[in-house]
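*Asks:* Each step along the sequence shown adds one to the number in my numbering, with nothing skipped, and position 174 is 177. Even glycine gets a Cβ: it sits at the ideal position worked out from N, Cα and C. All values derive from a computational prediction rather than experimental measurement.
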Amino acid sequence: MSDVPIAETAVYTALALVAHYFPTSIDGDSRTAAPFTEAASLVSGKYRAWDRWKELPHDERQRIAMVCSIAPGELADVRTFSVAARTLLSPLTADGTSSVPVMDPFELVGTDPFTANSAFPRLGDDPLGYVDRMTSRFRRPSARSKPPEFAGPGTWLTREIFVKNVGQVHGRLQIPTYLQFTEALGHDSLPSVSTVPYEADLRIPTPELLRLAEEIDLRFPENKRYLHSTLGQLFKVLKTSDTVSPEEALSLAAGGMEILNAPTGTGKSVLVRVMAAWFAATDRRIAIVLPDIKACLAMTWNVREDLDHLHRSGSIKQKRTCAHLMSSSGMHDRALKLASLINESVDAPGKWGERAKRNIDPLAYECAQRTFLESTGDYPPGREPCLSLHRQGVGSAACPWIPTCGKYTPVYEAATANVVIMNHYVFMQGHLKIGVNLDGRSLQGRSSSRVTSSIVTNPRVRASGRVRQEL
């Protein structure tokens, strides 16, 4: 039996949810109906504005979010939703009359199918169970495409691209056989992550943050220690609506958004930096979203040094890590741009110091294919045929050097890091193109935000003056 089309599934499940949460009484009828207006509002993604949203259990919120995620965007308009619902629930016969199938899960209210604005459910007493059954196929492992297989030893063709001032570029790659590489790698060579347990509320004791800030300060000369004093002043003036005083603990709740408003220089970035160390010290994981790559590189450098210092001093027993998750396509250009900003001293050639280690090294990489590739021209950095090797009888295959390539090192590091730092673009629109093993399943092209939601603890911190949490 074929699956119900996605648009129909969205209409039916939205009506079922509304029948449960927003039942409407109809004059002259003992049954309650599901109004189209509330259903369209629900699939529009505005459910966070619902006054009951925060009171719902986690599984109910996930169910609503699932329906919203599969619904086509046009259904958010009540007129479009109404037309779709009327069309589904009132198919017309050849003579223009309406013929309502007996097995339809809903029945339009009223005698005129062209003006109906709600529907009676025919779901018994379990509308939420109906939603789960209708959306179960979207949770099946088979519903998610698998990443391409890795290429093995032998001759492979590379995809053809157009390069400005060069023309069409394509070639042939001869992958050699090594002692430990006689056949193609498996998907187990991709980054592996697992979903963490849901944590509804989180209390971060501010005395512990102050203690960590004081410990981190010890790695600097006395005249450059500012973390502890800045954080202490921030906590003294910070005001929140929580029942717990900010001088005792910071309270984070999954599912909503909390905004921390404060002038520049009051310590918002310091707070995020020390909180990152606290999450790592308590064996939790956190994602920090910053405005741009330059800020990400600086924060990554600081957090890595902080964690290394805390491990050496014994404040953190196990070694913790921090990774910068970035888009691989622009790494090379960004490295050149940042390198041009470094004025090297003529008295110390080749010694760039901290700025080069912080900004250039994480972005620099070399493509291993170049040694074994015969092509009509060079593939520009960022456009290498990493996932488009092919040969007769085989579809697209992935480059076997991906697990050891500097271009994808940030992805592998982020999969195991305690602190993951990324910019807004990567968080909102980035994809892990090489694929990922999520909870033991190999998946293709997962968005950075979805993978981040799975591998880090629920609260996520943005250092741009906001503290944000999402499901």
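Would you identify the three-state DSSP class for W304, choosing helix, strand or coil?
*Replies:* Position 301 of the sequence shown, counted from the first residue, corresponds to residue 304. Note: W304 maps to helix in three-state DSSP.
*Asks:* Between which two residues does the beta strand (DSSP E) containing D442 stretch?
*Replies:* For the purposes of this step, residue 442 is taken as the residue at position 439 of the sequence shown. Premise fails: D442 is in no beta strand (DSSP E) and is neither H nor E.
*Asks:* In terms of DSSP beta bridges, what is D204 paired with?
*Replies:* Residue mapping note: residue 204 aligns to position 201 of the sequence shown, counting from 1. In the DSSP output, where bridge partners are listed per residue, D204 has A256.
*Asks:* Is the Cβ-Cβ distance between V70 and V46 less than 8 Å?
*Replies:* Taking the first residue of the sequence shown as 1, we reach residue 70 at position 67. Taking the first residue of the sequence shown as 1, we reach residue 46 at position 43. Closer than 8 Å, so yes.
*Asks:* Taking DSSP as the reference, what is the three-state secondary structure of T27?
*Replies:* Reading the sequence shown from its first residue, position 24 is the one you call residue 27. The answer is strand: DSSP assigns T27 an E or B state.
*Asks:* For C389, which of helix, strand or coil comes out of DSSP?
*Replies:* Locating residue 389 in the sequence shown gives position 386, counting from the first residue. C389: coil per DSSP, three-state reduction.
*Asks:* Which value, in whole angstroms, describes the spacing of the CA atoms of S93 and E110?
*Replies:* For this step, residue 93 is matched to residue 90 along the sequence shown. For this step, residue 110 is matched to residue 107 along the sequence shown. Straight-line Cα distance between these residues: approximately 8 Å.
*Asks:* Could you check where the beta strand (DSSP E) with V423 kicks off and where it finishes?
*Replies:* To locate residue 423, count along the sequence shown from 1; it is residue 420. Its beta strand (DSSP E) spans residues V422 to N426.
*Asks:* Do three or more CB pairs link the region 150-158 to the region 390-402 at distances below 8 Å?
*Replies:* A contact exists between the region 150-158 and the region 390-402.
*Asks:* Could you tell me how far apart the beta carbons of P130 and A257 are, in whole angstroms, since I believe they sit closer than 8 Å?
*Replies:* Working through the sequence shown from its first residue, we reach residue 130 at position 127. Working through the sequence shown from its first residue, we reach residue 257 at position 254. That belief does not hold up - the Cβ atoms of P130 and A257 are roughly 26 Å apart, past 8 Å.
*Asks:* With 16 other CB atoms within 10 Å as the buried threshold, where does D98 fall?
*Replies:* Looking up residue 98 in the sequence shown gives position 95. At D98, the pLDDT of 49 sits below 50, so the modelled position is not reliable; the number obtained from the coordinates is stated separately. Exposed: under 16 other Cβ atoms inside 10 Å.
*Asks:* Taking 8 Å as the cut-off, does the region 268-285 touch the region 226-239 (at least 3 CB pairs, one atom from each stretch)?
*Replies:* Touching, yes, given that three or more Cβ pairs across the two stretches are closer than 8 Å.
*Asks:* Which value, in whole angstroms, describes the spacing of the CA atoms of F39 and A10?
*Replies:* The sequence position of residue 39 within the sequence shown is 36, counting from 1. The sequence position of residue 10 within the sequence shown is 7, counting from 1. Distance between the alpha carbons of F39 and A10 is about 15 Å.
*Asks:* Going along the chain, which residues of its own chain have a beta-carbon closer than 6 Å to the beta-carbon of A401, five neighbours each way excluded?
*Replies:* Your numbering for residue 401 matches position 398 in the sequence shown. The answer, listed in chain order, is P151, F153 and L390.
*Asks:* Around the Cβ of Q372, are there at least 16 other Cβ atoms within 10 angstroms (buried) or fewer (exposed)?
*Replies:* Here the question's residue 372 lines up with position 369 in the sequence shown. Buried.
*Asks:* Just how far apart, CA to CA, sit A216 and A37?
*Replies:* Against the sequence shown, residue 216 aligns to sequence position 213. Against the sequence shown, residue 37 aligns to sequence position 34. So the two alpha carbons sit approximately 54 Å from each other.
*Asks:* Starting from E217, trace the alpha helix (DSSP H) in both directions and tell me its first and last residue.
*Replies:* Taking the first residue of the sequence shown as 1, we reach residue 217 at position 214. E217 -> alpha helix (DSSP H) spans T209 to D220.
*Asks:* Determine the burial state of H559: buried for a count of at least 16 other Cβ atoms within 10 Å of its Cβ, exposed for fewer.
*Replies:* Outside the modelled stretch of the chain, which goes from 4 to 474, sits residue 559, for which no answer is possible.
*Asks:* Since I178 contacts D309 with CB under 8 Å, what's their CB separation in whole angstroms?
*Replies:* Looking up residue 178 in the sequence shown gives position 175. Looking up residue 309 in the sequence shown gives position 306. At roughly 41 Å, the Cβ-Cβ gap does not stay under 8 Å, so I178 and D309 are not in contact.
*Asks:* What is the DSSP secondary structure of R465, counted as helix, strand or coil?
*Replies:* Position 462 of the sequence shown, counting from 1, holds the residue named residue 465. Because the pLDDT of R465 is 36, which lies under 50, any placement of that residue in the model is unreliable, and the number read from its coordinates should be weighed accordingly. Of the three classes helix, strand and coil, the one that applies to R465 here is strand, per DSSP.
*Asks:* Just to confirm, are N426 and C299 a CB contact at a threshold of 8 Å?
*Replies:* Here the question's residue 426 lines up with position 423 in the sequence shown. Here the question's residue 299 lines up with position 296 in the sequence shown. For N426 and C299, yes; Cβs fall inside 8 Å.
*Asks:* Does the region 407-415 come close enough to the region 315-325 that 3 or more CB-CB pairs lie under 8 Å?
*Replies:* Because the criterion of three Cβ pairs below 8 Å is not met, the region 315-325 and the region 407-415 do not touch.
*Asks:* Could you say which of P388, E202 and E211 lies nearest to E250 if we only look at CA atoms?
*Replies:* Here residue 250 corresponds to residue number 247 of the sequence shown, with the count starting at 1. Looking at the Cα atoms, E211 is the closest of the given residues.
*Asks:* Does the pairing of the region 51-66 with the region 159-176 give three or more beta-carbon distances under 8 Å?
*Replies:* Too few Cβ pairs lie closer than 8 Å, so no.
*Asks:* Provide the residue span of the alpha helix (DSSP H) that contains E416, from first to last.
*Replies:* The residue given as residue 416 occupies position 413 in the sequence shown. E416 -> alpha helix (DSSP H) spans T412 to T419.
*Asks:* A82 lies in the alpha helix (DSSP H); which residues open and close that run?
*Replies:* Mapped onto the sequence shown, residue 82 falls at position 79. In the sequence as displayed, the identity of residue 82 is Arg instead of Ala. Counting along the chain, the alpha helix (DSSP H) containing R82 begins and ends at V81 to L92.
*Asks:* In whole angstroms, what is the alpha-carbon distance linking K227 and L221?
*Replies:* By 1-based counting over the sequence shown, the position of residue 227 is 224. By 1-based counting over the sequence shown, the position of residue 221 is 218. So the two alpha carbons sit approximately 10 Å from each other.
*Asks:* Provide the residue span of the alpha helix (DSSP H) that contains S272, from first to last.
*Replies:* Taking the sequence shown and counting its residues from 1, one reaches residue 272 at position 269. Note, S272: alpha helix (DSSP H), K271 to A284.
*Asks:* According to DSSP, simplified to helix, strand and coil, what is I437?
*Replies:* By one-based count along the sequence shown, residue 437 stands at place 434. Residue state, collapsed to three classes: coil.
*Asks:* What would DSSP say about L376, mapped onto helix, strand or coil?
*Replies:* What you label residue 376 is simply residue 373 of the sequence shown in a count that begins at 1. Of the three classes helix, strand and coil, the one that applies to L376 here is strand, per DSSP.
*Asks:* Per DSSP, which residues does Q177 bridge with? Please list them.
*Replies:* On the sequence shown, position 174 is the one that residue 177 refers to. Beta-bridge pairing links Q177 to T158.
*Asks:* Beta carbon of L78, beta carbon of F84: below 8 Å?
*Replies:* Start at 1 with the first residue of the sequence shown, and residue 78 comes out as number 75. Start at 1 with the first residue of the sequence shown, and residue 84 comes out as number 81. Yes, the Cβ-Cβ distance between L78 and F84 is below 8 Å.
*Asks:* Beta strand (DSSP E) containing Q65: first to last residue?
*Replies:* Numbered from 1 along the sequence shown, position 62 holds the residue referred to as residue 65. It is not in any beta strand (DSSP E) - Q65 instead sits in the alpha helix (DSSP H) that spans H61 to I73.
*Asks:* Ordered along the chain, which non-local residues of its own chain (more than five positions away) have a Cβ less than 7 Å from that of A19?
*Replies:* One-based indexing of the sequence shown puts residue 19 at position 16. If we look at A19 and ignore the five residues flanking it on each side, its Cβ neighbours are P124, L126, P130, Y133 and V134.
*Asks:* For F282, collect the residues of the same chain with a Cβ closer than 6 Å to its Cβ; drop the 5 residues on either side in sequence, then sort them by chain order.
*Replies:* Translated into the one-based positions of the sequence shown, residue 282 becomes position 279. Excluding residues within five positions, the ones whose Cβ falls inside 6 Å are I289.
*Asks:* Please classify Q171: does DSSP put it in a helix, a strand, or coil?
*Replies:* Residue mapping note: residue 171 aligns to position 168 of the sequence shown, counting from 1. Residue state, collapsed to three classes: strand.
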